[in-house]
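For the sequence shown, this note's numbering gives the first residue as 39, with consecutive numbering after it.
Yeah, the Cβ is synthetic: ideal placement off N, Cα and C, and Gly gets one too.
Have a look at the structure below, then the notes.
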Amino acid sequence: MARKVVVIVLVLGAGALTWAMIRAFGSKSGPIPEEAASGGASERPQDIFEFERERARRANLAGRLGEDDGFVAVIFFGGDIMGNLEVCGCPKNPLGGVARRQGYVRLFAERYPDVPFLQVDTGYFFSDRIHPLTGDLTEDARVGNEWVIRAYDHMKLDVVNISHHDLPQLAHCLRPEEFRRHAKETPVVTRFLSANVVVGEAQRPRLPPYVIRELSGGRLAGRKLRLAFIGVTEVGGYRGRDFLVRDPVTAVRQLLPQVRARADMVIVLAYLPQELVERLARENPDVDVILASVGRPLWLPPTTIGRTYIAYSAYQTKLLGELRLYLNERGGGKRVLARYVELDGLIPDEPSTEALRAAARRELAAVQRRLAERAMAEARRPLPASSGEGATFVGSRTCHSCHSEAYAVWTASGHARAFATLQKAKRENDPQCLGCHVTGYERPGGFLTVFSTPRLKDVQCEACHGPASRHLEDPTRPYGKVGIPEGCLPCHTRENSPDFEPVSYWAKIKH
């Protein structure tokens with residue numbers, strides 16, 4: 039038998055990064071050398087986010103679509119939207135959102151009409167925000183999750199992997215009457231899958247452990263490409279009784295023989311920490327591709343382990359993953375290339391998806407306002423007010439009498455208008471956003487709602503320095519020292535505030 043050659047090509051396309059892997063699937067050729075897979079330490083970007091942001095600054099819209107390098111099919115992948123359909127992040131340059139995501143897919147389809155494609159999700163698409171008293175999903179989380187189902191159905195996602203975060207909402211979706219309703223109205227629920235989440239009740243629908251999607255037409259030139267998708271998740275913090283979460287590595291190993299026989303390419307959608315993704319690849323070498331989410335903003339670049347290609351979805355899908363598939367005409371093999379597209383303001387919204395997002399925002403805003411008003415009514419009874427050695431939040435106006443110069447700096451800063459940015463976006467009651475736009479949120483005596491605690495809206499003095507009541511009682515007592523930049527980083531994360539730079543930002547609020 040002729041010697042097979044395994045080649046690793048380092049590709050840096052416009053708006054893109056990654057390693058292309060040539061491989062004859064199903065063959066028994068040797069593994070790819072580790073050093074060849076990495077492309078060499080000096081050439082390998084360690085952080086997709088910064089790498090892609092820099093490329094995005096230099097690319098026009100055509101550049102975002104990348105070069106036509108002969109690919110024959112594409113898989114778009116994302117994950118970790120956490121029940122949020124919106125753009126998210128710093129008002130100067132928010133990223134992500136389903137309307138931009140579909141806007142890019144539409145542009146791609148217009149640019150490459152002869153390239154068949156699929157859309158998949160690696161997991162954590164539902165919100166899992168739990169009410170502290172009832173132990174169930176909050177009302178606005180449930181409403182938002184219903185809109186995610188509608189959005190994913192509208193977007194025609196082909197495969198959706200279940201993560202452990204999705205299980206509380208999934209328990210509701212799999213109730214027989216609910217599942218029948220969704221299967222009729224929003225059949226995307228029939229495309230949910232998991233190989234290691236076992237449904238507890240016999241009368242509930244089972245999740246398929248894998249699905250096979252067939253691509254044909256266009257550049258495939260009469261050929262059919264059978265892609266098998268297996269879904270797995272870690273158990274994470276799930277402690278419910280509706281599901282049993284089995285070992286993901288074992289689940290994949292048990293499925294592989296039957297799946298491998300039916301497919302040209304086996305792709306695992308994995309919601310797992312990085313070390314478990316790598317173990318899955320090492321112990322299941324017949325897996326061709328792993329598209330994974332690690333559930334944190336690590337922004338890991340694609341890599342290979344043995345002969346398995348691994349690409350990670352970008353946190354909150356602020357960058358859309360695009361896995362390109364190629365055919366090796368002479369060797370009969372295939373190769374893949376993952377690239378990433380920053381979903382910033384250059385990407386136009388897809389109109390119908392934007393209309394759906396706007397409708398979701400209107401309903402969510404109404405629900406969250408009602409919840410805030412209810413919380414205000416409940417707050418008429420005495421509330422626990424202490425936080426940290428018995429101190430309470432007093433509000434920045436109280437600071438003014440002794441710290442007038444610092445107060446003047448604050449009033450001229452963006453911190454003093456942080457809540458207004460939420461009001462403009464109609465998210466002033468959204469728990470996902472409030473923590474970095476108010477003072478003392480989810481802390482005893484801190485911001486509760488704009489109706490009950492308006493004096494604590496915006497990022498005030500105590501948001502950084504801590505509750506000040508004890509300082510008022512004894513001004514000589516040490517209080518409120520804030521380190522730079524560590525005091526800023528809880529809110530000025532790379533994802534939500536990508537342009538944050540400690541020296542220049544501190545200069546704006548120095549006091």
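*Rounded C-alpha distance that separates valine 405 from asparagine 467*: 9 Å
*Just the Cα atoms here: how many angstroms apart are aspartate 560 and cysteine 502?*
Because the chain here runs from 39 to 549, residue 560 falls outside it and cannot be looked at.
*What do you reckon, are the CB atoms on phenylalanine 164 and phenylalanine 114 nearer than 8 Å?*
no
*My guess is that arginine 279 and asparagine 234 are in contact by the Cβ rule of under 8 Å, so how many angstroms apart are they, rounded?*
Rounded, the Cβ-Cβ distance is 17 Å, inconsistent with contact.
_beta strand (DSSP E) segments (min. 3 residues) lying fully within the region 336–413_ = 341–343, 346–350, 357–365 and 372–380
*Whole-angstrom distance between glutamate 177 and tryptophan 185, CA atom to CA atom*: 13 Å
*Counterpart residues of leucine 231 in DSSP-defined beta bridges*: Asn199
*asked:* Between Leu472, Glu411, Lys462 and Tyr479, which has its C-alpha nearest phenylalanine 431's C-alpha?
replied: Tyr479
*Per DSSP, alanine 330 forms a beta bridge with which residues?*
Ala308 and Tyr350
*In angstroms with no decimal places, state the Cα-to-Cα distance between serine 535 and cysteine 529.*
8 Å
*By Cβ distance below 6 Å, which residues in the same chain neighbour arginine 264 in space, the five residues on each side in sequence not counted?*
Ile250, Glu252, Ala301 and Asp302
*Within 10 angstroms of its Cβ, does alanine 240 collect 16 or more other Cβ (buried), or is it exposed?*
exposed
*Could you check what DSSP says for alanine 111 in three-state terms: helix, strand or coil?*
strand
*In the DSSP assignment, find the unbroken alpha helix (DSSP H) run with glycine 101 in it and report its ends.*
99–103
*DSSP beta-bridge partners for serine 254?*
Lys262
*Could you tell me how far apart the beta carbons of glycine 134 and leucine 381 are, in whole angstroms, since I believe they sit closer than 8 Å?*
5 Å
*asked:* Please list the terminal residues of the continuous beta strand (DSSP E) segment that includes glutamine 157.
replied: 155–159
*Between the Cα of alanine 456 and those of Asn122, Gly127, Asp118 and Gly108, spot the shortest distance and give me the residue it belongs to.*
Gly127
*Beta-carbon contacts of glycine 64 that lie in its chain and below 6 Å, excluding the five residues immediately before and after*: Model confidence at glycine 64 stands at a pLDDT of 33, short of 50, so the residue's coordinates are unreliable and nothing is read from them.
*For lysine 130, three-class secondary structure by DSSP*: coil
*I think tyrosine 162 touches aspartate 204, with their Cβ atoms under 8 Å apart; what is that distance to the nearest whole Å?*
6 Å
*How far does the beta strand (DSSP E) with phenylalanine 163 in it reach, from first residue to last?*
No beta strand (DSSP E) holds phenylalanine 163; DSSP gives it neither H nor E.
*Is it right to say glutamate 313 is buried, meaning 16 or more other beta carbons lie within 10 angstroms of its own, or is it exposed?*
exposed
*Can the beta-carbon of serine 351 be found less than 8 Å from the beta-carbon of glycine 117?*
yes
*Which of helix, strand or coil does DSSP assign to tyrosine 190?*
helix
*Give the C-beta separation of phenylalanine 489 and alanine 403 to the nearest angstrom, bearing in mind that I take them to be a contact with Cβ-Cβ under 8 Å.*
That belief does not hold up - the Cβ atoms of phenylalanine 489 and alanine 403 are roughly 14 Å apart, past 8 Å.
*CA-to-CA distance, glycine 428 to leucine 338, given in whole angstroms*: 42 Å
*What is the rounded straight-line gap between the Cα of glutamine 207 and the Cα of valine 181?*
10 Å
*For my contact list, valine 270 and serine 232 are in at a C-beta cut-off of 8 Å; report their separation, rounded to the angstrom.*
7 Å
*asked:* Just to confirm my understanding: we take alanine 259, look at its own chain, exclude 5 residues before and 5 after, and list those with CB closer than 7 Å. What are they?
replied: none
*Distance, histidine 202 Cα to valine 273 Cα*: 6 Å
*Nearest-angstrom beta carbon gap, methionine 193 and proline 491 [assumed within contact, 8 Å]*: The sequence given here has threonine at residue 491, not proline. Threonine 491 to methionine 193, Cβ: 38 Å. No contact.
*Residue from Lys548, Tyr347 and Asp537 whose Cα sits closest to the Cα of asparagine 131*: Asp537
*Give me the Cβ distance between isoleucine 547 and serine 451, rounded to the nearest whole Å; I'm assuming they're in contact under 8 Å.*
5 Å
*Taking just the CA atoms, how far does leucine 460 sit from tyrosine 23?*
Here the chain has residues from 39 to 549 only, and residue 23 is not among them.
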